[in-house]
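Peer 1: Mind looking over this structure? Questions follow.
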Amino acid sequence: MKKYSHYIILISFLLTAALCQAQEPDSLQNNLRKELDSLTQVNNNLLNQLNKMEQKMERLEEKQKFYEEKESFYKVEAMRDLRENNEKLLREKDKYQRLSDSLQLRLNETEKVIIRTNEELKYTQQRAKDAEARISNATARKKKVCAIQGIAMKTFRTPSWSLAPDKIVDEEGNVRVGYKIVNKNGGEVEFDYTAGAYVMLWDLTRKPKPIEIDTVSKKHLEIKRFDQDFSYSLGLYVGFGGSNLFKNFYVGPSFKFLDFFHLTAGVNVCEYEMLTGTYQEGDELPAGFSLSDQISKVWKPKPFVSLSFDLDFISYIKK
Numbered sequence: 004m005k006k007y008s009h010y011i012i013l014i015s016f017l018l019t020a021a022l023c024q025a026q027e028p029d030s031l032q033n034n035l036r037k038e039l040d041s042l043t044q045v046n047n048n049l050l051n052q053l054n055k056m057e058q059k060m061e062r063l064e065e066k067q068k069f070y071e072e073k074e075s076f077y078k079v080e081a082m083r084d085l086r087e088n089n090e091k092l093l094r095e096k097d098k099y100q101r102l103s104d105s106l107q108l109r110l111n112e113t114e115k116v117i118i119r120t121n122e123e124l125k126y127t128q129q130r131a132k133d134a135e136a137r138i139s140n141a142t143a144r145k146k147k148v149c150a151i152q153g154i155a156m157k158t159f160r161t162p163s164w165s166l167a168p169d170k171i172v173d174e175e176g177n178v179r180v181g182y183k184i185v186n187k188n189g190g191e192v193e194f195d196y197t198a199g200a201y202v203m204l205w206d207l208t209r210k211p212k213p214i215e216i217d218t219v220s221k222k223h224l225e226i227k228r229f230d231q232d233f234s235y236s237l238g239l240y241v242g243f244g245g246s247n248l249f250k251n252f253y254v255g256p257s258f259k260f261l262d263f264f265h266l267t268a269g270v271n272v273c274e275y276e277m278l279t280g281t282y283q284e285g286d287e288l289p290a291g292f293s294l295s296d297q298i299s300k301v302w303k304p305k306p307f308v309s310l311s312f313d314l315d316f317i318s319y320i321k322k
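Residue numbers (the numbering used here): 4 to 322.
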């Protein structure tokens with residue numbers, strides 16, 4: 004606006020000069036002075052207005068700049084808040100992603116544990132069923148077949164032949180040292196460990212008596228007997244004894260009583276080492292002869308009596 008004020012003053016001055024040419028000099032000078040004063044006043048007014056407008060423009064520009072800076076500041080703040088929120092969301096996303104991965108891993112491990120536990124439970128249940136079956140079979144009072152073990156007493160001892168030095172007097176009364184055949188395991192009775200199977204043929208278990216009714220009180224009375232809860236049976240026993248199981252057999256009838264006791268009487272057939280007959284026990288074995296040449300293996304049947312137990316039944320008796 005300042006550059007236009009000079010043009011306005013110049014134009015006014017030219018107009019005034021033109022008017023002055025048509026008037027007298029004194030009046031022209033006065034008029035010119037008045038016009039100049041008027042124009043100067045106008046110019047000053049215009050300058051003042053221009054200054055005010057410039058000031059207003061400056062203030063407007065400052066306000067505009069302030070608003071722009073403020074808006075820019077708010078935008079920066081908004082962008083920073085948005086960036087911080089985004090970063091916060093990303094951190095939370097990573098956090099929850101890690102938590103989700105951890106939970107998924109724990110879930111997988113838990114599923115594995117559940118699967119393994121189910122398999123173990125199935126195995127345990129099967130073992131429990133097998134155990135129940137074994138217990139039921141072992142504690143059955145009327146088993147048809149059961150394994151029993153016990154002690155047998157037989158009327159013949161297993162010989163143990165050897166040579167023992169002894170004084171020998173000849174027909175002329177001379178004394179010399181010789182070797183006689185002796186049995187180190189002499190005697191009439193021998194005890195042997197036996198194990199075998201019992202097969203029930205007849206069930207002899209007593210049936211409980213019927214319930215009696217008291218005619219006075221009309222109450223049911225049960226008379227218990229000592230043996231009414233036990234089983235009895237008669238069967239056949241076949242077993243083995245000693246260390247040489249396949250050369251020492253026991254067979255005979257067996258009576259089961261009180262659930263797990265077995266009383267057996269029968270025949271024991273065993274292979275023994277016996278003298279061949281040329282020399283007997285107490286005879287002198289001449290020099291140059293071997294004792295092993297005088298011994299042979301012989302099968303002999305001998306009677307026996309045994310008491311055996313059903314150990315499976317005993318092991319599962321409720322305490």
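Note that the Cβ used here is the ideal one computed from N, Cα and C, for glycine as well.
Just the Cα atoms here: how many angstroms apart are A268 and P256?
Peer 2: Cα-Cα distance, rounded: 6 Å.
Peer 1: Within 10 angstroms of its Cβ, does G190 collect 16 or more other Cβ (buried), or is it exposed?
Peer 2: exposed
Peer 1: To the nearest angstrom, how far is it from the Cα of N33 to the Cα of T43?
Peer 2: When rounded, the distance between both Cα atoms is 15 Å.
Peer 1: For the beta strand (DSSP E) that contains T158, what are its first and last residues?
Peer 2: Taken as a continuous stretch (DSSP letters only), T158 belongs to no beta strand (DSSP E), as it is neither H nor E.
Peer 1: Over what stretch of residues does the beta strand (DSSP E) that includes T267 continue unbroken?
Peer 2: F264 to L278
Peer 1: Mind checking Y70: buried by the 16 CB within 10 Å criterion, or exposed?
Peer 2: exposed
Peer 1: Applying the 10 Å Cβ sphere with the 16-neighbour rule, what's the burial state of N88?
Peer 2: So N88 counts as exposed.
Peer 1: Find out if the Cβ-Cβ distance for the pair V172, V180 is shorter than 9 Å.
Peer 2: no
Peer 1: Rounded to the nearest angstrom, what separates K146 and V192 at their Cα positions?
Peer 2: 33 Å
Peer 1: Quick check: the Cα distance between L261 and F233, rounded to an integer number of angstroms?
Peer 2: 5 Å
Peer 1: Count the other CB atoms within 10 Å of the CB of K222; is the residue buried (16 or more) or exposed (fewer)?
Peer 2: Low per-residue confidence applies at K222: pLDDT is 49, beneath 50, and the placement is therefore not dependable, though the value from the model is reported in the following sentence. Per the 10 Å Cβ criterion, exposed.
Peer 1: With a Cβ-Cβ cutoff of 9 Å, do K300 and E274 count as a contact?
Peer 2: yes
Peer 1: Let me know the secondary structure DSSP gives E74 once reduced to three states.
Peer 2: helix
Peer 1: Should N251 go down as buried or exposed, given a rule of 16 or more other Cβ atoms within 10 Å for buried?
Peer 2: Taking a 10 Å sphere around the C-beta of N251, we find 16 or more other C-beta atoms and assign the residue as buried.
Peer 1: Once the 5 residues before and after V272 are set aside, which same chain residues still bring their CB inside 7 Å of it?
Peer 2: F252, W302 and P304
Peer 1: Decide if S236 is buried, meaning its Cβ has at least 16 other Cβ atoms within 10 Å, or exposed.
Peer 2: buried
Peer 1: Whole-angstrom Cβ separation of G153 and S311, contact assumed at under 8 Å?
Peer 2: 3 Å
Peer 1: Rounded to a whole number of angstroms, what is the C-alpha to C-alpha distance between S246 and Q129?
Peer 2: Approximately 37 Å, taken between the alpha carbons.
Peer 1: Which residue's Cα is closest to the Cα of G238: E276, V116 and G199?
Peer 2: Measuring from the Cα of G238, the nearest candidate turns out to be G199.
Peer 1: For N121, which residues of its own chain have a beta-carbon under 7 Å away from its beta-carbon, when the five flanking residues on both sides are left out?
Peer 2: Within the same chain, N121 has no close Cβ partners at all.
Peer 1: Please name the residue or residues paired with I151 in a DSSP beta bridge.
Peer 2: G199
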